[in-house]
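What follows is one structure encoded as C-alpha cells, with my remarks underneath.
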Amino acid sequence: MIVLLNIIISKNYISGTIDKTLFVKRDEGNIFVVDDIIFGSTCELKVKEFLDIMSSEFEMSMVGELNYFLGLQVKQKDDGMFITQSKYAKHLVKKFGLENAKFYNTPMSTTLKISKDESEISVDYKLYKSMIGSLLYLTTSHPDLCYSVGVYARLQVDPKESYLQVVKQIIRYVNGTLDYGLWYSMDTTTDLVGYSDANWAGTIHERKSTSGGCFYLGNNLVSWFG
197 MIVLLNIIIS
207 KNYISGTIDK
217 TLFVKRDEGN
227 IFVVDDIIFG
237 STCELKVKEF
247 LDIMSSEFEM
257 SMVGELNYFL
267 GLQVKQKDDG
277 MFITQSKYAK
287 HLVKKFGLEN
297 AKFYNTPMST
307 TLKISKDESE
317 ISVDYKLYKS
327 MIGSLLYLTT
337 SHPDLCYSVG
347 VYARLQVDPK
357 ESYLQVVKQI
367 IRYVNGTLDY
377 GLWYSMDTTT
387 DLVGYSDANW
397 AGTIHERKST
407 SGGCFYLGNN
417 LVSWFG
C-alpha cells in the first residue's frame, strides 16, 4: 500500500485533505481522479497514461468502464452519469416480504409525532435492526430516505409496533421508487451551494431538534444529511 501511495504521489497526484485515499491531478484543463480501486478522467489520454504507469509497476488488468460497484449501478452517458441501487432496493423489498404490498407515495407522514409509550407492544429488535440497516445503505443513492430512516434508526433499542409499521411504510415507498437514483450532469458549473433546515424541538419527549442539509456542486447533488 505504501509503495502504491509513493508512486501515485511521485507522479504529481495530490492526496485529498480529508480523504487521504482520494487523489486528484489537474493538467491542461483536464482532471484525473483516483479513489480506492476506481479511477477516471475527463481525458482518455490521461486514463491511458495512468494505466501505463500502474502496469509498469504492478500486475494488473483493466476491468473496463465502471458499471457496478458495491451495490451501486452506474450508467454512463455522453451528457452525464446516473447512479442507482435498483437491484439492491428490489432485493431489500423482497427480503422483508413486501414486494406485493401497496405502494406509498411518501416514506412517512409529515405530521407524524413519535410517541414513546412504554406500554406499547415491543417487536423483534433483530428484525427491526435488519430493516433499518438495509435502508441506511440505500440512502447512498436515495436522499429522499435520509430523514425518515434517520428518525427511526434512533429507536432500535426497544422498537415498538408503531415504529415497525412506519419502517414497513418506508420499504413500501421504496418498492414504488425502485428506479430512483442520482443524475450527475456534464452540463454544470463548479459553484458549491448548501442548504439546511431544522424542525426546532420536534421530538415530543426530549424536545430535541432534527436538522438536515444538502450541498450542490453546480446542478449536481454531492452531499446530504438528515
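Whatever position you read off the sequence shown (first residue = 1), add 196 for this note's numbering. We put the beta carbon where it would ideally sit given N, CA and C, even for glycine.
Can you give the Cα-Cα distance for residue i and residue j, rounded to whole angstroms?
i	j	result
Ile214	Leu332	23 Å
Val353	Phe299	28 Å
Ser315	Ser419	39 Å
Leu294	Thr373	14 Å
Tyr343	Gln281	18 Å
Gln272	Leu262	8 Å
Thr336	Phe219	22 Å
Phe235	Tyr324	37 Å
Cys410	Asn416	11 Å
Gly390	Gly377	20 Å
Met382	Gly276	5 Å
Tell me the residue span of the beta strand (DSSP E) that contains residue i.
i	result
Cys410	407-413
Asp248	Looking at the DSSP string, Asp248 is not in any beta strand (DSSP E); the run it does join, the alpha helix (DSSP H), is 240-253.
Ile234	234-237
According to DSSP, residue i sits in a beta bridge with which residue or residues?
i	result
Val389	Tyr412
Gly276	Lys273, Ser381
Leu218	Asp231
Phe265	Leu268
Smallest Cα separation from residue i: which of the options?
i	options	result
Tyr359	Pro303, Asn296, Gly408, Thr335	Pro303
Pro404	Arg350, Asp320, Asp248	At residue 404 the sequence reads Lys, which differs from the Pro that was named. Checking every option, the nearest Cα to that of Lys404 belongs to Arg350.
Ser330	Ala297, Lys244, Asn296, Lys290	Lys290
Tyr369	Val345, Ile310, Asp387	Val345
Thr307	Val362, Lys286, Val270, Pro339	Val362
Asn301	Ile366, Ile328, Val243, Lys312	Ile366
For the alpha helix (DSSP H) containing residue i, name the first residue and the last one.
i	result
Gln361	357-371
Tyr284	282-291
Q: Would you list, in sequence order, the uninterrupted alpha helix (DSSP H) runs of no fewer than 4 residues that lie entirely inside the region 325-350?
A: Segments of the alpha helix (DSSP H) lying fully in the region 325-350: 342-349.
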